[in-house]
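Residue numbers (my numbering), protein chains in the order written: chain A, 3 to 182; chain B, 3 to 182. All residues carry an ideal CB built from backbone N, CA and C; glycine is no exception.
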């Protein structure tokens, strides 16, 4: 079985995923009258489960409307003890280092994972555990905020699989990690 | 006369223009047998002069071969007193804040400027003086180095003019600053 860990995320031109106040309003700066999903649903079709940090989980939980994920979501947290009843069978709490977490999730039969949330992404990247990046660049300079990428101990090389423009303004690049 | 200040530069996926040791070898990670200039010469045709910091100037000066710029180069420096004889009429030392520098250069008849060098670009961006960004993304995570973008006091919105892939691996995005 092939294991794959993917990132699907939008950043500002200067590489932030949230502004100085944690806000993400700027993600919606370009009109999207036809609700173009910018490849999200076709990406999600090839995902078995999600892994995200507590902060991202609680942000999504705060959104209005139904729980948005059609796949099991594993939430990394050392502090949460329970999840709301309506998320039974949808959300699972998990603890540990990235490699341990992956072993646990793989053992449950989920091999293609969507890794989400700033800290979670950075910790997986640092361990060399991300195979695929799908990054949509929003044409705005925020000048500060929470960076998608953090410090690494060594270079990671990728190759471009595809590049596509959405809504005339958002460039979505799809990168695959090069084998060492 | 219309004044324009442009950036034409390459960055890593994580937004660095030089690695932790100041190195730029990673810029050449993809084979380029036909010496594709990735739009550089056609960009330069619409430039009247360059503005760069001392560090960038001295880096270029250290390259083998002839002085590469076909346009006058204004070098920002508070410490340099002279330039080599062979660069007379090609390189001019200049001092001051970005707006003062621009007034001086504009008064000499140069209106379309290529702003280059990390610190120089950041100081011009911070003053809201950059109209055009042409950024080529190299598919590598460096994990540290000198960032193209720095802190800003306020957001800057751009629109995408074009996006093009070079050598199958480098995505070059051309952004124009939106009028306020």
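Query raised in the report: Who pairs with residue 6/A in a beta bridge, going by DSSP?
Result: 114/A
Mind listing, in chain order, the continuous beta strand (DSSP E) runs of no fewer than 3 residues lying wholly within the segment 68-140 of chain A?
75-78, 93-96, 114-118, 134-140
On the DSSP letters alone, give me the boundaries of the alpha helix (DSSP H) that residue 60/B sits inside. 56-63
Looking at the unbroken alpha helix (DSSP H) that takes in residue 45/B, where does it start and where does it end? 42-47
_Using the Cβ count rule (16 or more neighbours within 10 Å means buried), how would you classify residue 174/B?_
buried
For this session: Sort out for me which residues DSSP pairs residue 151/A with in a bridge.
Result: BP columns for residue 151/A are empty, so no partner.
Rounded to the nearest angstrom, what separates residue 169/A and residue 91/B at their Cα positions? 46 Å
Exercise. Does residue 115/B get closer than 8 Å to chain A when you measure Cβ to Cβ?
Worked result: no
| query | Mind pulling the chain B residues with CB within less than 8 Å of residue 139/A? | reply | 175
In angstroms, rounded to a whole number, what distance separates the CA positions of residue 134/A and residue 74/B? 43 Å
Taking contact to mean at least 3 C-beta pairs separated by less than 8 Å, is the segment 23-35 of chain A in contact with the segment 32-45 of chain B?
-> no
Q. Hey, does residue 171/B have any beta-carbon neighbour from chain A nearer than 8 Å?
A. yes
Considering only DSSP beta bridges, list what residue 11/B is partnered with. 137/B
Reducing DSSP to helix, strand and coil, say where residue 29/A ends up. helix
Strictly below 8 Å CB to CB, what residues from chain A border residue 142/B? 157, 158, 159, 160
**Asked** Which stretch, first to last residue, makes up the beta strand (DSSP E) that contains residue 165/A?
**Response** 158-168
I want to know whether the segment 103-113 of chain A touches the segment 122-129 of chain B - three or more CB-CB distances under 8 Å.
no
Check your understanding: Got a sec? Which residues, its chain only, sit under 6 Å from residue 8/A by beta carbon, not counting five neighbours each side?
Key -> 116, 134
Check: Under 8 Å between C-beta atoms, does residue 16/B make it to chain A?
Finding: yes
> What residues of chain B sit near residue 165/A, judged by a beta carbon separation below 7 Å?
Replying inline: 165, 167, 173
List the residues of chain B that residue 29/A touches, going by C-beta distances under 7 Å, in chain order. Neighbours of residue 29/A on chain B: none; closest Cβ ~13 Å, over 7 Å.
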